[in-house]
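In my numbering, the protein residues as written are 369 to 771.
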């Protein structure tokens, strides 16, 4: 259900997604402000990769200024992740009718576009083992022997993990573009809402101006190590910092009402999902719940009277957070009821602040120490690339006709 994308570290430049699956190969690890984060009880304020003001200097960080709930002005739409193993948007999802790629080729006079999809984002665009049968796909990454439609000959398949796809295209498209509510006909070719979503997702998978915060964890969960407080030792797999989560959600969804994207899973699999909204469920009087240092130590799982995780912290806030996100929907001839695909994840953490109430970090509590977002990102503009002759302007024409 997801991918592995290549992301250069950005804080506003155009992003080139070099697709391997449905998520992102993160930026090269950013220099941290801390030393070895594996030390027990180590001072663990957010590092440079998790500092939200590095990504956006206009972000508000004071707890008094951050809303305890927020929602995107327009609900992101649910769509397919166009699995690589099914040949991405060249899959004939509507019975024997043309795939979205085949329809685009006819409507926009792009001969060879369907083959372009297969050879770039589809089955033959992946640098993986060739195969004839599933049994030849070894390893524990969930690979199957995927073959393009009509493929013949020895080793005509590729060992593709079933979770690879273009959710890194669907998610930003879902927060930037209106949902398809009806079919649209372009140059005699009828596109159903499922086709429109496919082409929108395809357009947004490449060269999109983007802001990205935190680091990608490339390790499998079972290989990670924990300290005595149950925290993951590996730096890039411990984030996204809990304080960063609060700042990003408070600014993007709380103040700006803008949808964003998260990788829900902390380990090597990347599951990009559009976020619809959030709520701090234990807020008091519309504010974060302040707790004593002793209570913060207890919540994080420590002992003694010293809060060892962030020596600069002077104030502490206990947060129970709900994040509402969109799960995938199969392509359809009819419009999707997006509210039916909203799911909720719940997290608990301590927000760390200085004496003035400015957030400077955070620590997860309980199960959230392992189960929390890996990174968040959001588009700041529309795609600038041309893929196989298909331009964003062509896709936008289709989106407008189907809204």
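By construction, the Cβ of each residue, glycine as well, lies at the ideal position given by its N, Cα and C atoms.
- Separation of residue 629 and residue 659 (C-alpha to C-alpha, rounded to the nearest whole angstrom) is 30 Å.
- Membership of residue 471 in the alpha helix (DSSP H) is indicated by the continuous run 468-475.
- A Cβ-Cβ contact shorter than 8 Å links residue 657 with residue 651.
- If you draw a 10 Å sphere on the C-beta of residue 579, you find 16 or more other C-beta atoms in it, and that means buried.
- For residue 563, the enclosing alpha helix (DSSP H) has its first and last residue at 561-571.
- In this structure, residue 692 sits away from residue 561, with a CB-CB distance that is not shorter than 8 Å.
- Its Cα nearest to that of residue 726, the residue 432 stands out among 432, 423, 509 and 474.
- In terms of Cβ geometry, residue 436 and residue 644 do not form a close pair [threshold 8 Å].
- Distance check between residue 529 and each of 520, 494, 516 and 551 places 494 closest, using alpha-carbon atoms only.
- Counting the other Cβ atoms within 10 Å of the Cβ of residue 632 gives 16 or more, which makes it buried.
- By the Cβ neighbour-count rule, residue 545 is buried, with 16 or more other Cβ atoms within 10 Å of its own.
- A distance below 8 Å separates the beta carbons of residue 440 and residue 543.
- By the criterion of at least three beta-carbon pairs nearer than 8 Å, the stretch 712-721 is in contact with the stretch 732-740.
- Separation of residue 558 and residue 459 (C-alpha to C-alpha, rounded to the nearest whole angstrom) is 16 Å.
- Cβ neighbours of residue 675 within its own chain (closer than 7 Å, five residues either side excluded): 661, 664, 665 and 681.
- Beta-bridge pairing by DSSP links residue 687 to 717.
- According to the DSSP assignment, residue 483 belongs to the alpha helix (DSSP H) that extends over 481-488.
- Boundaries of the alpha helix (DSSP H) harbouring residue 765: 760-770, taken from the DSSP string.
- Boundaries of the alpha helix (DSSP H) around residue 666: 661-668.
- 638 is the residue among 672, 476, 414 and 638 whose C-alpha sits nearest the C-alpha of residue 537.
- Between residue 771 and residue 721, the CB-CB gap reaches or exceeds 8 Å.
- Taken through DSSP and simplified to helix, strand or coil, residue 544 comes out as helix.
- Counting other Cβ atoms within 10 Å of its Cβ, residue 704 reaches 16 or more and is therefore classed as buried.
- Going by DSSP, residue 438 is part of the beta strand (DSSP E) stretching over 437-439.
- Here residue 522 is exposed, its C-beta having fewer than 16 other C-beta atoms within 10 Å.
- With at least 16 other beta carbons inside 10 angstroms of its own, residue 569 counts as buried.
- One thing to note: residue 484 has its Cβ no nearer than 8 Å to the Cβ of residue 751.
- When the five nearest sequence neighbours on each side are left out, the beta carbons in the same chain lying within less than 6 Å of the beta carbon of residue 491 are those of 455, 514, 516 and 526, in order along the chain.
- Restricting attention to beta strand (DSSP E) runs no shorter than 3 residues, the stretch 691-746 encloses them at 710-721 and 727-732, ordered along the chain.
- Here residue 512 is not near residue 500, since their CB atoms are 8 Å or more apart.
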